[in-house]
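Chains as they are written, first to last, in the UniProt record's numbering: chain A, 1 to 308; chain B, 1 to 308.
Shown next as structure tokens:
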């Protein structure tokens, strides 16, 4: 056990991400004391019951008092209000970070509230499951996943950035750094647009299900099943993602629609060569992902057959 | 070990599906002898090397000689030609089946070639992985998955249907029966349209990847990663699926595009309530799938973190 990276860490919002951070910090002794706050009383009670956080506070103000690191783990749309609330209670030299899936809008919403002497180092761990809430967290969530650190501006203190990087690496993540706009574009294509598409397809199936009496659910083999997992993610979080990463998401969806129309036309006109070439090309991407170590090559994701 | 369901089974085409059938039949002694044929010499050699089939033949004709059950395990677009080739060599009373993902077009392509006295009982096991080829098969592939039997017409011998059902149940599957057009519509929404959508999104990312220097691959968290798995499936198989289930696929894609446009508009206009309500609704479908036993509730599909 090495010395803690931060003596006092405050987690604001106690869902899957914060909960997993807590367990990952405890696993390696990365924080002296971890305080937590959640707006919902039920969440605070659950956190106390399962031992999530060393101390669960009754206000965000109490939680951030004396903290060396404050991590905002609330939906992107709520970041600004939380920042305004806690700002007067931050000690000088504190680092404020967050875990939001969109970075430009979080920076715009949070930065204006923070006093001088507070380091703002936004971050985004690319990890999650389709479950949410304090009980869904686990210490291994970030192991070998990426966390992207997005310093609010060029003037950000390099030492504050390096220390946050130490924390994330200690929690098992690989850390990269990029600017906010680039982050938002990359995430629009790897995550935000795919989520919206999955949501849409599941919604279409739901309409059809009413016609075909639950067969859609019963016969959901690979394709649709993977979509439903994506589409089961937290509705509040995703609403905020789309509203705050609007431009990049709409740009990627525009390209998507264009390509989809071309493939639909190939189907309609019976252009088998076009389809075959397209499908062959997409295989190489999958190979790239396996080589990049972001997934397993085991068939069907390494799942066994479901229990009957 | 009970008595075999069929004394002699012939598998035409030796990819993932046929290979898994062989190992599943062997697991329970469901077939006396299993012969196999694949058009490619390399595939036949691989099959012999790994002990796939009791006897690998040099022609489809040799493989079907004396068989009680012939299963066509070739791409949907190749079914008609294979049926024409083997038809003169089928013994009276034989059952011919297939494993194609589309049923109406297979029936149209195969049925005209089969002589009287041969029972044609098409089927479609809803199982697979993103891998293909003879070495990708395994005995458990069909455990607790659905196999849909689609008798070619109302005159199909009920005993031939019941026997094929026994085989699939013996291989671990749950068996249902429906007519060809209904099958094709249900599969368009649960499988065919989702696959085309995943292929499209992966193609769009590929375009962007050229701009952003492999970041798309590096940062592919949940959403996109699931799409790439789907989009890594066999190109020939999927080309044939879309060309042969054209009408149902295009109908579902039409609905999909309509819904996607509505969600894009909600993003553009900042209509958060619309997005939230939509995303909440899709969660219930996911719940239905878990309750129907077609997937696990374990986070992230029960996958652990990938090995570093």
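Cβ atoms here follow ideal geometry from the backbone N, Cα and C, with glycine treated the same way.
In whole angstroms, give me the CA-to-CA distance for residue 15(A) and residue 128(A). Your numbering for residue 15(A) matches position 15 in the first chain. Your numbering for residue 128(A) matches position 128 in the first chain. So the two alpha carbons sit approximately 11 Å from each other.
If you follow the beta strand (DSSP E) that residue 36(B) is part of, which residue opens it and which one closes it? Taking the first residue of the second chain as position 1, residue 36(B) is located at position 36. Element bounds for residue 36(B): 31-37.
Residue 99(B): which of 237(B), 136(B), 28(B) sits nearest, CA to CA? Here residue 99(B) corresponds to residue number 99 of the second chain, with the count starting at 1. That would be 237(B), whose Cα lies nearest to the Cα of residue 99(B).
Segment limits, alpha helix (DSSP H) that includes residue 247(B): Within the second chain, numbered from 1, the residue matching residue 247(B) stands at position 247. Looking at the DSSP string, the run of the alpha helix (DSSP H) that includes residue 247(B) is 246-269.
Separation of residue 8(B) from residue 219(A), as counted between CA atoms: Counting from one through the first chain, the residue named residue 219(A) turns up at place 219. Counting from one through the second chain, the residue named residue 8(B) turns up at place 8. Answer to the nearest angstrom: the Cα atoms are 30 Å apart.
Cβ pair count under 8 Å reaching 3, the region 188-201 of chain B against the region 149-156 of chain B: Counting Cβ pairs under 8 Å, fewer than three are found: no touch.
As assigned by DSSP and simplified to three states, the class of residue 7(B): On the second chain, residue 7(B) is found 7 positions in, with the first residue counted as 1. DSSP places residue 7(B) in strand when its eight states are reduced to three.
According to DSSP, is residue 182(B) part of a helix, a strand, or is it coil? Here residue 182(B) corresponds to residue number 182 of the second chain, with the count starting at 1. In this structure, residue 182(B) counts as helix in the three-state DSSP scheme.
Within a Cβ cutoff of 6 Å, which residues of the same chain sit near residue 228(B), ignoring the five residues on either side of it in sequence? The residue labelled residue 228(B) in the question sits at position 228 within the second chain. Once the five neighbours on either side are set aside, the close Cβ partners of residue 228(B) are 202.
Output the distance between the C-alpha atoms of residue 200(B) and residue 10(A), rounded to the nearest integer angstrom. Residue mapping note: residue 200(B) aligns to position 200 of the second chain, counting from 1. Residue mapping note: residue 10(A) aligns to position 10 of the first chain, counting from 1. If I take the Cα positions, the gap works out to 42 Å.
Does the CB of residue 274(A) have a neighbour CB from chain B at under 7 Å? Walking along the first chain from the start, residue 274(A) turns up at place 274. Not an interface residue.
Tell me the rounded alpha-carbon separation between residue 118(A) and residue 150(A). As a working note, residue 118(A) is residue 118 in the first chain. As a working note, residue 150(A) is residue 150 in the first chain. Each residue's Cα considered, the two are about 16 Å apart.
Where does residue 194(A) fall in DSSP's three states? In the first chain, residue 194(A) corresponds to position 194, counting from 1. Helix, per DSSP.
If you drop the 5 nearest sequence neighbours on each side, which residues of the same chain put their C-beta closer than 7 Å to that of residue 135(A)? Position 135 of the first chain, counted from the start, is the residue given in the question as residue 135(A). For residue 135(A), where only same-chain residues beyond five positions count, the Cβ hits under 7 Å are 46, 50.
Using a Cβ cut-off of 7 Å (strictly closer), state whether residue 259(B) contacts chain A. As a first step, residue 259(B) is located in the second chain; it is residue number 259 there, counting from the start. Chain A, which has a Cβ nearer than 7 Å to the Cβ of residue 259(B), makes this yes.
Could you give the distance in angstroms between the alpha-carbon of residue 207(B) and the alpha-carbon of residue 58(B)? Here the question's residue 207(B) lines up with position 207 in the second chain. Here the question's residue 58(B) lines up with position 58 in the second chain. Each residue's Cα considered, the two are about 43 Å apart.
For residue 242(A), which three-state DSSP category applies? As a first step, residue 242(A) is located in the first chain; it is residue number 242 there, counting from the start. It is helical.
With DSSP collapsed to three states, give me the class of residue 125(A). Counting from 1 along the first chain, the entry for residue 125(A) is found at position 125. Strand.
Whose C-beta lies closer than 6 Å to the C-beta of residue 55(A) among residues of the same chain, with five residues either side of it excluded? Here residue 55(A) corresponds to residue number 55 of the first chain, with the count starting at 1. Cβ neighbours of residue 55(A) beyond the five flanking positions: 35.
Who are the near neighbours of residue 180(A) in its chain, counting only those whose CB is closer than 6 Å to its CB and skipping five residues on each side? For the purposes of this step, residue 180(A) is taken as the residue at position 180 of the first chain. Excluding positions up to five away in sequence, the list reads 103, 104, 107, 150.
Within its chain, find whatever has a CB closer than 7 Å to the CB of residue 213(A); leave out the 5 residues flanking it on each side and keep chain order. Here the question's residue 213(A) lines up with position 213 in the first chain. Caution applies to residue 213(A), whose pLDDT of 48 falls short of 50 and renders its modelled position unreliable; the model cannot decide the point.
For the region 19-50 of chain A, which residues have a CB atom closer than 7 Å to at least one CB atom of chain B, in sequence order? none
Mark residue 170(B) as exposed unless 16 or more other C-beta atoms lie within 10 angstroms of its C-beta, in which case mark it buried. Translated into the one-based positions of the second chain, residue 170(B) becomes position 170. Residue 170(B) should be labelled buried.
What residues in its chain sit with their C-beta under 8 Å from that of residue 242(B), if we drop five residues either side in the sequence? What you label residue 242(B) is simply residue 242 of the second chain in a count that begins at 1. Within the same chain, residue 242(B) has close Cβ partners 192, 196, 249.
Who are the neighbours of residue 14(B) on chain A, taking C-beta pairs under 7 Å? Counted from its first residue, the second chain places residue 14(B) at position 14. Those do not exist, as residue 14(B) stays about 17 Å from chain A at its closest Cβ, beyond 7 Å.
Mark residue 145(A) as exposed unless 16 or more other C-beta atoms lie within 10 angstroms of its C-beta, in which case mark it buried. In the first chain, counting from the first residue as 1, residue 145(A) sits at position 145. Burial state of residue 145(A) is buried, judged by a 10 Å Cβ sphere holding 16 or more other Cβ atoms.
Roughly how many angstroms lie between the CA atoms of residue 226(B) and residue 205(B), to the nearest whole one? Numbered from its first residue, the second chain carries residue 226(B) at position 226. Numbered from its first residue, the second chain carries residue 205(B) at position 205. Going from the Cα of residue 226(B) to the Cα of residue 205(B) covers about 13 Å.
Are the beta-carbon atoms belonging to residue 234(B) and residue 92(B) less than 7 Å from one another? Residue numbering aside, residue 234(B) sits at position 234 when the second chain is read from its first letter. Residue numbering aside, residue 92(B) sits at position 92 when the second chain is read from its first letter. No, the Cβ-Cβ distance between residue 234(B) and residue 92(B) is not below 7 Å.
In chain B, what lies closer than 9 Å to residue 231(A) by C-beta? By one-based count along the first chain, residue 231(A) stands at place 231. Those are 279, 282, 283, 285, 286, listed as they occur along chain B.
Interface residues of chain A facing residue 194(B) [CB-CB closer than 7 Å]: Stepping through the second chain from its first residue, residue 194(B) is reached at position 194. Neighbours of residue 194(B) on chain A, chain order: 201, 223, 224, 227.
Given a threshold of 16 other Cβ atoms within 10 Å of its Cβ, counted over all protein chains shown, does residue 282(B) qualify as buried or as exposed? Position 282 of the second chain, counted from the first residue, corresponds to residue 282(B). Residue 282(B) is buried by the Cβ-count criterion.
Should residue 254(A) go down as buried or exposed, given a rule of 16 or more other Cβ atoms within 10 Å for buried? Your numbering for residue 254(A) matches position 254 in the first chain. By the neighbour-count rule (16 or more Cβ atoms within 10 Å), residue 254(A) is not buried but exposed.
Using the beta-carbon of each residue, which ones in chain A are nearer than 9 Å to residue 8(B)? By 1-based counting over the second chain, the position of residue 8(B) is 8. Chain A residues near residue 8(B): none, gap ~28 Å exceeds 9 Å.
Quick check on residue 206(A) - is its C-beta less than 7 Å from some C-beta in chain B? The residue labelled residue 206(A) in the question sits at position 206 within the first chain. Chain B, which has a Cβ nearer than 7 Å to the Cβ of residue 206(A), makes this yes.
Under a CB-based cut-off of 7 Å, is residue 17(A) close to chain B? Locating residue 17(A) in the first chain gives position 17, where the first residue counts as 1. Cβ-Cβ to chain B under 7 Å: no for residue 17(A).
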